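Since the structure comes first, as structure tokens, the remarks are kept for the end.
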Ligand SMILES: Cc1ncc(C[n+]2csc(CCOP(=O)(O)OP(=O)(O)O)c2C)c(N)n1
Ligand code: SF4
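Chains as they are written, first to last, in this note's numbering: chain F, 8 to 601; chain Y, 61 to 350.
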């Protein structure tokens, strides 16, 4: 096999998530690619927990659908995760014998390929005299049956338990060995072992989107972070607080989200690159100050890691339903471009891009990440930072400082920005509309000119084709659009469809807003069927695209509420369906202007 | 002009005049508004401080009083209602070399922005926070403010207010502010001195200025009345290093009009911005050279 999806579930004390983490680290060292997603019940500690690990010899695009392997420590916990851990006819199900369930009576709707009861607790007790060692028994079983990084896992166990004394280490090594031995004595019937990794010379790391976001911010020259803890965005602040000082920057855990973004706006006004990060409820609070940054033309990066909403919603689950809130955030004609990463790896580049756009156009930028990208662990190649260029804000030159005009109406809309400390550059920044010099103004004519200035600045952004992933035959009649963490799902589905001979193309926007009309219009030209795949009940991107462009007559939405996984298989099915119907479909036509 | 202050710090020889700090923006305040006196006192204090205007960042919220940064030649930021303090803290953290002044109304500071005040105090960045306390919402035309006396009839309390006002002096004293003073524009010289002293205090300094609203305020709150009502704390023999006594005197807010320094911490602790510099230097010695 060269693509394996393992799903495991147990109660908090079973250490199933920690087993997943050990496994992905080991596989990274072995040279595999992988994605680990974790899922927990609502309890802070204890309660049910699960993880999915997809491992492959080539880069993994998404967590995948149906499990190849299910590890069940107890059935109640496993069943609670429902659609997150789907079992199919090809799945190998391995479960704790102690559950007392007969293999013929497992509570599954389908008949899996293999069902095997293993006395995991008993093996752990015998080998290690400790129930906690159960997860290393599981790792032993996986290493044996699926040929997964035996040496690397052992190395990991040594690293993890070495510090805890020779006895603890030995117990865990023995648990692993006992699991491995059990697998050898009880073959699965068929060979399920992974193909060896395709060796490549690049360094790999196991990382998540929040970590990449923090690393990229520091790389981009971020010197200030102000924020308030909120799941699933907190780790951005947690990572930054360790390192930002070393870069001559500082960080404020503010009293609330408003103070978080406000302090960042202050730091930006003081001339530094600044950032805040939050999730839905925090975004709601930040919007007034976001508008201030837009009107005062202050660069700012605001990361919003989407979780299930509205209100507190589903704090630990992914959703893509903050798009409306972000695109229409703050009152008036607020300007705030939105960028979205398409993978953990991409989070680095998108964060750097967000700083660049913010500084170049002197505007707040929202990065719409989501819980999955933020918190899942991916094995990625080490970032090659040499491919990034950093942008600094345009500052007034000596001549301009002779008679400084902060909001000069230039052709590009961009006017040089000074900062406190710069002699000759004093001006009044304000949330109130102003004239070119910065003096308050309520003239309609001036207001229109300034609105136009702020919007005009962004025109070059709408031509940025590098912020869109396009794949497939440009003349294809079927076109699929996806964004954020769903992009990886759509990519796989479209590639699979094309491998099956279906003529379909793909568009993945990383610039989500403003809508780059021209780029969408080009994509739509050949289409009979357009499909937007996304994780929000209303299909928010589908609707926003319709607001701005003339869409193909058949322009449908495949949208699910958050926490309902969308798998490559689901999308493939839709594409197959569209392709079988498209032969008889009417000629491509675009809707009249709305 | 240079004034000796009673804080023991050295007055800076004046190299600037009031003209250097006055912008060419014409104030839109009503004739007779107390805020005119505040900005004049501020010019005088800044002359004495002697820092060039471009090294001063002056942040405000929204309200009549919050217009004040625009009337100075400092770097001004007239932000949104209630958020001047967190914005100012970001500025000071990003560039601790700046002199950072914050100003706003009683509504801006103790109603919508009230939640930020305790945190600004406990962090103790070196900021000066000036509240122009007129006991009313001026800009929105005379509604109840958090410091409006109980029983007041306003456009949002036709039958009289039925809530207790906030006591700004006690509020900031209770949260541990290191410098707390109150002034009135009726005593221009005293007010200029207080603002200067507040700026010189190394840490969070608060000046409550009873700045009358001539249009919506009470007649007995106006400048003329202030002159007869005000009682100088120094003349009362108050020792400003006595925090408990300061709190006792502050209880009289709303009845007695005390002016002067209520409290000045005789041993100012290390400021937040200094901690930041130290941490940056400790973790990355080259950061200081940036
Ligand atoms: C979020 C928000 N809410 C309400 C307002 C309207 N508003 C502007 S100033 C103000 C109160 C003004 O009173 P104060 O802060 O005491 O300042 P003053 O005008 O008296 O100097 C209000 C309610 C606003 N600008 N923003
Ligand atoms: S309304 Fe009151 S506070 Fe506002 S400018 Fe007029 S007098 Fe001053």
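Idealized CB from N, CA, C, for every residue including glycine. All figures in this text were calculated on a predicted structure; none of them were measured in a lab.
Query, Result
"Please classify residue 111/F: does DSSP put it in a helix, a strand, or coil?", "helix"
"What is the DSSP secondary structure of residue 403/Y, reduced to helix, strand or coil?", "The shown model of chain Y, from 61 to 350, leaves out residue 403/Y, and the question about it has no answer."
"Suppose contacts are defined by Cβ-Cβ distances below 8 Å. Is residue 477/F in contact with residue 489/F by that definition?", "no"
"Contact between the segment 386-393 of chain F and the segment 212-226 of chain F is defined here as three or more beta-carbon pairs at a separation below 8 Å; is this criterion met?", "yes"
"Does the beta-carbon of residue 170/Y, which I'm using as the reference point, lie nearer than 7 Å to any heavy atom of ligand 2?", "no"
"Assign residue 288/F to one of three DSSP states: helix, strand, or coil.", "helix"
"My guess is that residue 319/Y and residue 242/Y are in contact by the Cβ rule of under 8 Å, so how many angstroms apart are they, rounded?", "6 Å"
"How about residue 157/Y: is its C-beta nearer than 8 Å to some C-beta of chain F?", "yes"
"Distance, Cα to Cα, residue 66/Y vs residue 265/F?", "At residue 66/Y the pLDDT is 45, less than 50, meaning the model places this residue with poor confidence; the figure from the coordinates comes in the next sentence. If I take the Cα positions, the gap works out to 38 Å."
"Please say whether residue 311/Y and residue 246/Y have beta carbons closer to each other than 8 Å?", "no"
"To the nearest angstrom, how far is it from the Cα of residue 114/F to the Cα of residue 145/F?", "21 Å"
"How many Å lie between residue 337/Y and residue 265/Y at the Cα?", "20 Å"
"Which residue marks the beginning of the alpha helix (DSSP H) containing residue 265/Y, and which one marks its end?", "No alpha helix (DSSP H) holds residue 265/Y; the beta strand (DSSP E) holding it covers 265-270."
"For residue 325/F versus residue 245/F, is the C-beta distance shorter than 8 Å?", "no"
"Consider the Cβ of residue 170/Y: report whether some Cβ of chain F lies at a distance smaller than 8 Å.", "no"
"Just how far apart, CA to CA, sit residue 298/F and residue 368/F?", "15 Å"
"In the DSSP output, what is residue 74/F paired with across the bridge?", "94/F"
"Can you pull the chain Y neighbours of residue 447/F, defined as C-beta to C-beta under 9 Å?", "85, 88, 127, 130 and 138"
"Closer than 8 Å by beta-carbon distance: list the chain Y residues that pair up with residue 279/F, in chain order.", "154 and 155"
"Just the chain Y side, please: which residues come within less than 7 Å of residue 433/F by C-beta, in chain order?", "113, 114, 133, 134 and 135"
"If you measure from each CB to the nearest heavy atom of ligand 2 and keep those under 5 Å, what residues do you get, in chain order?", "89/Y, 90/Y, 93/Y, 124/Y, 198/Y, 273/Y, 274/Y and 275/Y"
"Which of the three DSSP states, helix, strand or coil, is assigned to residue 229/F?", "strand"
"Can you tell me the Cα-Cα spacing of residue 72/F and residue 529/F, whole angstroms?", "32 Å"
"Roughly how many whole angstroms lie between the Cα atoms of residue 33/F and residue 161/F?", "9 Å"
"Determine the extent of the alpha helix (DSSP H) in which residue 231/Y is found, giving its start and end residues.", "228-234"
"Can you pull the chain F neighbours of residue 147/Y, defined as C-beta to C-beta under 7 Å?", "269, 270, 272 and 273"
"Under a CB-based cut-off of 8 Å, is residue 330/Y close to chain F?", "no"
"What residues of chain Y sit near residue 299/F, judged by a beta carbon separation below 9 Å?", "139, 140, 143 and 147"
"Closer than 8 Å, CB to CB, is residue 295/F near chain Y or not?", "yes"
"Given 8 Å as the limit, is there contact between the segment 105-115 of chain Y and the segment 171-179 of chain Y, that is, 3 or more CB pairs closer than that?", "no"
"Nearest to residue 552/F by alpha carbon, out of 482/F, 331/F and 409/F?", "331/F"
"Keeping to the same chain, check which residues put their C-beta closer than 7 Å to that of residue 483/F; ignore five residues upstream and five downstream.", "510, 511, 512 and 533"
"Reducing DSSP to helix, strand and coil, say where residue 67/F ends up.", "coil"
"Is the Cβ of residue 82/Y closer than 8 Å to any Cβ of chain F?", "no"
"Along chain Y, in chain order, which residues have C-beta atoms closer than 8 Å to that of residue 284/F?", "Simply none; closest approach about 15 Å."
"Taking C-beta to C-beta, are residue 42/F and residue 78/F nearer than 8 Å?", "no"
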